[in-house]
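Below you'll find the structure, written out as structure tokens, and then a few comments.
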Amino acid sequence: MNRSATSFNPCGLITLTTDFGLQDPFAGIMKGVIKRHFGDASVVDLCHAVPPFRGEIAGLWLGLCHHWFPEGTVHVAVVDPGVGTDRNIVCIQARCHAFIAPDNGLAAELVSHLDSWTAWRLDPEALDLDIASTTFHGRDIFAPVAAMLASANAAPDSLGSPDPELVPSALPRPIRKDASLTGEILFADHFGNLSTNIPGPLPKEWNDATVSVEAQTARLVRAYGEARPGETVAIFNSFGLLEIALPRASARDRRQWGPGTPVRVSKTG
Amino acid sequence: MNRSATSFNPCGLITLTTDFGLQDPFAGIMKGVIKRHFGDASVVDLCHAVPPFRGEIAGLWLGLCHHWFPEGTVHVAVVDPGVGTDRNIVCIQARCHAFIAPDNGLAAELVSHLDSWTAWRLDPEALDLDIASTTFHGRDIFAPVAAMLASANAAPDSLGSPDPELVPSALPRPIRKDASLTGEILFADHFGNLSTNIPGPLPKEWNDATVSVEAQTARLVRAYGEARPGETVAIFNSFGLLEIALPRASARDRRQWGPGTPVRVSKTG
Amino acid sequence: MNRSATSFNPCGLITLTTDFGLQDPFAGIMKGVIKRHFGDASVVDLCHAVPPFRGEIAGLWLGLCHHWFPEGTVHVAVVDPGVGTDRNIVCIQARCHAFIAPDNGLAAELVSHLDSWTAWRLDPEALDLDIASTTFHGRDIFAPVAAMLASANAAPDSLGSPDPELVPSALPRPIRKDASLTGEILFADHFGNLSTNIPGPLPKEWNDATVSVEAQTARLVRAYGEARPGETVAIFNSFGLLEIALPRASARDRRQWGPGTPVRVSKTG
Numbered sequence: 004m005n006r007s008a009t010s011f012n013p014c015g016l017i018t019l020t021t022d023f024g025l026q027d028p029f030a031g032i033m034k035g036v037i038k039r040h041f042g043d044a045s046v047v048d049l050c051h052a053v054p055p056f057r058g059e060i061a062g063l064w065l066g067l068c069h070h071w072f073p074e075g076t077v078h079v080a081v082v083d084p085g086v087g088t089d090r091n092i093v094c095i096q097a098r099c100h101a102f103i104a105p106d107n108g109l110a111a112e113l114v115s116h117l118d119s120w121t122a123w124r125l126d127p128e129a130l131d132l133d134i135a136s137t138t139f140h141g142r143d144i145f146a147p148v149a150a151m152l153a154s155a156n157a158a159p160d161s162l163g164s165p166d167p168e169l170v171p172s173a174l175p176r177p178i179r180k181d182a183s184l185t186g187e188i189l190f191a192d193h194f195g196n197l198s199t200n201i202p203g204p205l206p207k208e209w210n211d212a213t214v215s216v217e218a219q220t221a222r223l224v225r226a227y228g229e230a231r232p233g234e235t236v237a238i239f240n241s242f243g244l245l246e247i248a249l250p251r252a253s254a255r256d257r258r259q260w261g262p263g264t265p266v267r268v269s270k271t272g
Numbered sequence: 004m005n006r007s008a009t010s011f012n013p014c015g016l017i018t019l020t021t022d023f024g025l026q027d028p029f030a031g032i033m034k035g036v037i038k039r040h041f042g043d044a045s046v047v048d049l050c051h052a053v054p055p056f057r058g059e060i061a062g063l064w065l066g067l068c069h070h071w072f073p074e075g076t077v078h079v080a081v082v083d084p085g086v087g088t089d090r091n092i093v094c095i096q097a098r099c100h101a102f103i104a105p106d107n108g109l110a111a112e113l114v115s116h117l118d119s120w121t122a123w124r125l126d127p128e129a130l131d132l133d134i135a136s137t138t139f140h141g142r143d144i145f146a147p148v149a150a151m152l153a154s155a156n157a158a159p160d161s162l163g164s165p166d167p168e169l170v171p172s173a174l175p176r177p178i179r180k181d182a183s184l185t186g187e188i189l190f191a192d193h194f195g196n197l198s199t200n201i202p203g204p205l206p207k208e209w210n211d212a213t214v215s216v217e218a219q220t221a222r223l224v225r226a227y228g229e230a231r232p233g234e235t236v237a238i239f240n241s242f243g244l245l246e247i248a249l250p251r252a253s254a255r256d257r258r259q260w261g262p263g264t265p266v267r268v269s270k271t272g
Numbered sequence: 004m005n006r007s008a009t010s011f012n013p014c015g016l017i018t019l020t021t022d023f024g025l026q027d028p029f030a031g032i033m034k035g036v037i038k039r040h041f042g043d044a045s046v047v048d049l050c051h052a053v054p055p056f057r058g059e060i061a062g063l064w065l066g067l068c069h070h071w072f073p074e075g076t077v078h079v080a081v082v083d084p085g086v087g088t089d090r091n092i093v094c095i096q097a098r099c100h101a102f103i104a105p106d107n108g109l110a111a112e113l114v115s116h117l118d119s120w121t122a123w124r125l126d127p128e129a130l131d132l133d134i135a136s137t138t139f140h141g142r143d144i145f146a147p148v149a150a151m152l153a154s155a156n157a158a159p160d161s162l163g164s165p166d167p168e169l170v171p172s173a174l175p176r177p178i179r180k181d182a183s184l185t186g187e188i189l190f191a192d193h194f195g196n197l198s199t200n201i202p203g204p205l206p207k208e209w210n211d212a213t214v215s216v217e218a219q220t221a222r223l224v225r226a227y228g229e230a231r232p233g234e235t236v237a238i239f240n241s242f243g244l245l246e247i248a249l250p251r252a253s254a255r256d257r258r259q260w261g262p263g264t265p266v267r268v269s270k271t272g
């Protein structure tokens, strides 16, 4: 861990990242609770379609995306299959952002993308909250705590004990060996583009590189529009991750590739 | 009906609950109309994925969830297959919350979850609204009326005539007989958990209970994480309703159960 | 083009219309960027489910729906398969609304629904923006420019050069011949209702009209509730477009009709 000395000055904005989907009122209820505790809160949905129970994907997205939000934002992540058991909830402070997340791999994945951060393990009993259910801590703990932080009614270091050991992330890391990087597909986006776990940019000394997915080569391009009809291309996407894409078509649907499919980048120049 | 004497002091917040989905601009248009009438309105989506035409499900969700929102919230529910016909629109006031809903079973289901409430039948012609279409009263009537209430430009009792007879809800009720309760599955959530119409808590004198879905027994647990691999469990969910669930898997997809499947709870201790 | 002389007085509201879906954090990230540039911005999702790459549908929806929002709203449309190539981005001002859109048919479709408007081709290099990626201009250009407009930190005419030639819309137009109009189905909504490209109202001298979809006749009704069980009806929907619908059922699922299916309206009275 790398202690962050920056203090947290909330801007009143709270983001929500969950695996709740939008089919049920769960995300809406969290907003109600936030508004009940802090009427001036501004709430933005980062995403409610994290693959069910895949906290690490939420941690990855938050780690790669939070800096697009204003300093002083409180980011709430609820992918929480262990709700009501003895799993911990943690608060992370980093780069003028605060995060509330379950300690189930999500928080560890998140901090792996931060330069400098501090964590506290929440002590819900010590906070002035209503009695929590055993099924929905997003509503009963995460939302009111986020409202307390965003309204400056609590500071991160008042929420519990510092420096907890975090449950490690199960997300696979790309492996570098000689002049090649081997990673894998992590998720498909709405367009069917397949994002890998290989972050850009490639090493500077690699003037050119070949990307292959199983036996197929994917040409590395800068813009989606550079792909020729039917051509499989590789592109560093807006997360900064290598992605496999087809022009105006879904690589997820047109190819047999999905989460876990290996992707390899080799230096060729 | 049980007359509520509380006056309504709006807090500026409006929630939307519809069966519009998010595939079309309909929910967004309602927000535009609200903002046009009341620029400082804060609008929260409770849910736009009510099963199509199932107003009672919207009434159930609002009845069980509205109290998580601040006092003074205006809740708008539009599940309205009768739009443009002679169905009524009603305003309900209860517990410092106001509701605008079509009188098609939705409103009756909602008030069945309230202790004390008053209803008025809207008289749209008497309100200062633009001429309504025959296809989208969410936009033409519900949204501007909600804005009038939320901005304190109208009080519930100014919207029409009091104490209308409400169209009854078609939602089935659980039946108690001796030491057992028989209900049924109402809907599946995003995780595939199957919510029933059986509200908790169970009678106090039932020290222990057996839950069965068709021929299968479901162990009653407190937290999802208590389920053993592959085990079917029953749990009182965050709505307060008995729910059938599988650990980190979809009971809707893995079992042949769905809306209408009977669920039985029997006293065993 | 028809020059609009009205000046643009922003009200602080920004709408988003994209083909991003809600499965990924892309729409949320745009809101973060907007809030980072203009903390008091109010952001409303018009729709994120434009059919992928179908900019013209976004242009159609914005053209038909923007007037439900307050004057001074900035509408952002990102259906942008050409991101990172040399396609242009334009700002349109019309009727006290401003629009930011890619010039790929979307903008031309939009202005075809406006009486009076002015367009400027954005010159991103001349604006004080961070270096844009080649994959997500919604985040890197559209969002900050919308924030500049909505906060009155920039006026439409300061964004670039006026009066660009717009890339035409590929959306088919209905054809009028003698006493009949022939159009086609454009899209299905969440309920499975099939919207055509035939705008209402019908010519005044047509006292009565027959609507047919392929060999089947659809009775023209005023309200969905007028349809008899199983009957295929035609109705001018809330966009003002002729729509084919079934009572409380999905015409998309129950019939073999979809985008491109011809629909004909003939004068009969």
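Residue numbers (this note's numbering), protein chains in the order written: chain A, 4 to 272; chain B, 4 to 272; chain C, 4 to 272.
All C-beta atoms, glycine included, are put in the ideal place defined by N, C-alpha and C.
With fewer than 16 other Cβ atoms from the protein chains shown falling within 10 Å of its own Cβ, Pro232(C) counts as exposed. For Ile17(C), the enclosing beta strand (DSSP E) stretches over residues Leu16 to Thr21.
At least one CB of chain A lies nearer than 8 Å to the CB of Ser136(C). Assigned with DSSP and collapsed to three states, Phe102(B) falls in strand. In the DSSP assignment, Ala44(B) falls outside any beta strand (DSSP E), carrying neither H nor E. From the listed residues Phe242(C), Pro175(C) and Phe139(C), the smallest Cα separation to Glu59(C) is found for Pro175(C). Here Glu187(A) is buried. Its C-beta has 16 or more other C-beta atoms within 10 Å. The beta carbons of His78(C) and Thr20(C) sit closer together than 8 Å. For the region 154-181 of chain C, not one full-length alpha helix (DSSP H) segment reaches 4 residues or more. Burial state of Gly163(A) is buried, judged by a 10 Å Cβ sphere holding 16 or more other Cβ atoms. As summarised for the region 192-228 of chain B, the continuous beta strand (DSSP E) elements at least 3 residues long and confined to that stretch are 197-202, 212-216 and 219-223, given in chain order. DSSP places Gly186(B) in the strand class (E or B) of the three-state scheme. The contact set of Thr18(B) on chain C, defined by CB atoms closer than 8 Å, is empty, because the minimum CB distance reaches about 15 Å. Only those residues of the region 36-53 of chain C whose C-beta falls short of 7 Å from the nearest C-beta of chain A are listed: Val36, Lys38, Arg39 and Gly42. For Ile103(B), none of the residues of chain C pass the 9 Å Cβ criterion, the least Cβ distance being about 18 Å. With a contact defined as Cβ atoms closer than 8 Å, Glu217(B) and Thr264(B) qualify at about 7 Å. Identification of chain A residues near Gln26(C) by a Cβ-Cβ cut-off of 8 Å yields Cys50, Ala52, Asp192 and His193, ordered along the chain.
Around the beta carbon of Lys207(C), a 10 Å sphere encloses fewer than 16 other beta carbons of the protein chains shown; the residue is thus reported as exposed. Judged by their CB atoms, Leu205(A) and Ala230(A) are not nearer to each other than the 8 Å cut-off.
Spanning the alpha carbons of Pro28(B) and Cys50(C) requires a straight line of approximately 5 Å. Taking Val224(B) as the centre and dropping the five residues before and after it, the same chain places the C-beta of Ala230, Val236, Ala237 and Ile238 closer than 8 Å to its C-beta, in chain order.
Rounded to the nearest whole angstrom, the CA to CA distance from Ser45(B) to Leu16(B) is 5 Å. In the structure shown, the three-state DSSP call for Ala248(A) is strand. For Arg142(A), the nearest beta carbon of chain B is closer than 8 Å to its own beta carbon. Taken atom to atom, the span from the alpha-carbon of Gly31(C) to that of Val47(A) is near 7 Å. Proximity of chain A to Asn240(B) at the Cβ level (cut-off 7 Å) is accounted for by Thr138, in chain order. Residue pairing for Pro265(C): DSSP places it in a beta bridge opposite Glu187(C). Between the beta-carbon of Ala149(C) and that of Ile37(C) there is about 6 Å, and that keeps the pair under the 8 Å contact cut.
Spatial neighbours of Leu169(B) in its own chain (CB-CB distance under 8 Å, excluding positions within 5 residues in sequence) are listed in chain order as Val93, Asp106, Ala110, Ala111, Val114 and Ala122. According to the DSSP assignment, Val236(B) belongs to the beta strand (DSSP E) that extends over Val236 to Phe239. Taken residue by residue, none of the region 245-266 of chain C has a beta-carbon sitting less than 7 Å from a beta-carbon on chain A.
Between Asp143(A) and Ser136(A), the beta carbon gap of about 5 Å places them in contact (Cβ cut-off 8 Å).
Exclusion of the five residues before and after Gly203(B) leaves Phe239 and Gly243 as the residues of its chain whose Cβ lies within less than 6 Å of its Cβ.
Within 7 Å of the CB of Ile32(A), the CB atoms of chain B belong to Cys68 and Trp71, in sequence order along the chain. Ranking Gly75(B), Gly87(B) and Ile247(B) by CA distance to the CA of Pro13(B) puts Gly75(B) first.
Only buried fits Asp22(A), as 16 or more other CB atoms lie within 10 angstroms of its CB.
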